[in-house]
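What follows is one structure encoded as structure tokens, with my remarks underneath.
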Amino acid sequence: MATGGGGGEGESAGAEGGGGGDGTRSCPSLGCRFFVAVHVGAGFHAPANEKVYRRAMKRACLAAAAVLREGSGTSLDAVAAAIRVLEDDPITNAGRGSSLTESGRVECDASIMDGSTGSYGAVGAVQGVKNPIQVALRLAKEQMMGSSLLGRIPPMFLVGEGAYTWAKCKGIDLVGATSEEDNWLVTENAKAQWVKYSSLLARAKESVNHATASASESSSVQLQGSGSFLFYIAQLSHFILGAEAENLSNVKKTKIFTQSVMEDDQDCVMDTVGVVCIDDHGNVASGASSGGIALKVDGRVGLAAMYGSGCWASSKGPFGTPFIVGCCATGAGEHLIRGFASRECCVSASLSPSGPASSCTKILRSAVQSSSEMSHDTGAGLLLVQADVIKRGELSVLEATELVAAYSSSSFGVGYFGSNMSNPKVSMLRDSRTSSGSIQHFATRVHFGAPSSEE
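In terms of this note's numbering, the sequence shown opens at residue 4 and continues consecutively.
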């Protein structure tokens with residue numbers, strides 16, 4: 004067992020509701036073995052909201068479990084069911100409660116991938132859709148069906164207004180609001196954060212305008228290349244604090260400017276919720292959904308929608324040998340996008356003799372180092388599930404799973420649920436160390452041949 008914190012929680016799943024399944028009985032037969040893992044983003048999760056996050060993760064686990072236990076859908080359907088729960092919960096930065104763009108709108112990203120077929124669906128910067136993961140799911144399923152009328156290749160990735168129109172044509176639930184103020188997706192907390200961040204941004208811009216022309220021009224170039232609002236503010240430190248700020252280390256600068264964002268027990272979750280599901284035959288799927296970083300530029304497409312970056316699932320290694328693995332990534336985004344974080348983590352796990360934990364920490368450390376060269380924000384997380392199957396006649400049966408959660412942020416909320424467990428296990432992992440970019444990880448292995456000790 005590796006490092007972690009925040010305390011696990013395994014109280015009665017039935018008391019938490021959600022998912023439409025019982026969730027309190029162990030699976031009685033080999034035919035319904037399954038494993039579900041979820042996360043609610045890397046960043047800073049306020050301790051005051053920790054119970055709410057845990058409940059959301061439990062409900063998501065139960066929603067996926069209901070699909071897999073009852074046989075009403077595939078692992079792909081189970082991933083979508085879990086993410087729908089997280090999108091509907093206003094505590095997460097996905098779907099309802101998402102961070103607002105510069106202009107005060109909700110624009111969501113989501114993706115989903117089937118490990119057996121490689122089918123993938125994604126949506127980016129879409130407005131007015133209640134559950135963006137539903138659009139991604141429909142896209143992935145139409146990929147599986149193959150060519151449509153006249154041999155047209157079905158789309159894999161849709162963005163913006165086109166994504167909204169396509170979703171409407173497919174009968175996917177939309178948010179029928181007449182104005183952004185009445186939009187179901189926009190919560191009071193999101194609006195309050197938007198006002199606060201917009202004020203910080205306005206003051207920062209005013210400080211830049213009072214700086215020398217050359218310094219202002221230089222700052223403008225740097226800011227346009229950043230991927231995080233916190234980095235945006237940190238890069239203005241020498242204008243706002245003057246010479247004193249120039250003598251501070253990067254870590255101290257970041258601490259000063261993130262303090263105002265994290266005060267009053269407010270959450271500062273940078274990006275993305277994610278889910279990995281494996282059914283009784285070892286079929287794996289993964290997905291991600293996000294409202295994006297705070298005060299993002301309108302039209303930005305982030306990590307959660309990008310192929311190979313936000314999520315990945317595969318039933319084979321890079322050389323074609325059987326290897327069942329799924330991963331989803333979370334963080335400020337751009338540096339994880341450039342590194343194809345989720346895919347690289349899965350490939351590394353399939354090749355590494357040291358196990359999945361070593362692979363996750365290696366990939367995350369590389370991303371953090373790359374990010375630190377151009378950003379003060381190095382918070383990120385990876386959730387990976389690797390599975391072992393055995394042959395029983397002509398069928399493969401899920402034998403064991405190994406979960407790894409690696410993170411460089413101050414906290415990372417994760418949960419998991421296996422068919423041999425009576426309740427989902429959820430935890431808010433926390434890093435108490437002050438060094439910027441340090442990597443922590445949690446790992447556990449679940450065997451399905453006997454009742455789980457993860458109670």
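Quick reminder that beta carbons are idealized off the backbone N, C-alpha and C, glycines included.
Following the DSSP letters along the chain, one finds Y419 in no alpha helix (DSSP H) but inside the beta strand (DSSP E) bounded by residues 414-421. The Cβ-Cβ distance between L103 and A193 falls below 7 Å.
In this structure, C330 is the residue among E347, Q443, C330, V276 with its C-alpha nearest to the C-alpha of E405. Annotation: Q146 to D283 spans about 23 Å, alpha carbon to alpha carbon. In this model, A66 and A85 are separated by some 5 Å (Cα to Cα).
Scanning G174, C64, V55, S357 for the CA closest to the CA of G418 turns up C64. In the pairwise beta carbon analysis, the segment 127-138 is classified as touching the segment 106-118: at least three pairs are separated by under 8 Å.
Here the segment 161-169 does not lie against the segment 315-322, with fewer than 3 beta-carbon pairs under 8 Å apart. The continuous stretches of beta strand (DSSP E) do not include V211, which lies in the alpha helix (DSSP H) extending over residues 191-212.
In the three-state reduction of the DSSP assignment, K319 falls in the strand class, which pools E and B. Counting along the chain, P325 sits inside no alpha helix (DSSP H); it lies in the beta strand (DSSP E) bounded by residues 325-334.
Under the DSSP assignment, I86 falls in the alpha helix (DSSP H) whose first and last residues are 78-91. DSSP, read as helix, strand or coil, puts L71 in helix. Taking a cut-off of 8 Å on C-beta distances, the segment 50-59 touches the segment 419-436, as three or more cross pairs fall below it. With contacts defined by Cβ atoms closer than 7 Å, A97 and Y123 do not form a contacting pair. For M148, the uninterrupted alpha helix (DSSP H) run begins and ends at 135-148, by DSSP. Take the alpha-carbon of V198 and the one of N52: they are about 21 Å apart. Judged by DSSP secondary structure, V350 falls within the alpha helix (DSSP H) whose first and last residues are 344-354. Beta bridge pairing from DSSP links D112 with S293. For the 7 Å CB-CB criterion, V82 and V278 form a contact.
Taking C-alpha positions only, V70 is separated from G76 by approximately 6 Å.
Taking C-alpha positions only, S435 is separated from A446 by approximately 18 Å. Excluding the 5 residues flanking it on each side, S374 has same chain C-beta neighbours closer than 6 Å at H338, T381, in chain order. Judged by DSSP secondary structure, K394 falls within the beta strand (DSSP E) whose first and last residues are 383-395. In terms of Cβ geometry, A45 and G384 form a close pair [threshold 7 Å]. Rounded to the nearest angstrom, the Cβ distance from A288 to G149 is 19 Å, too far for a contact under 8 Å.
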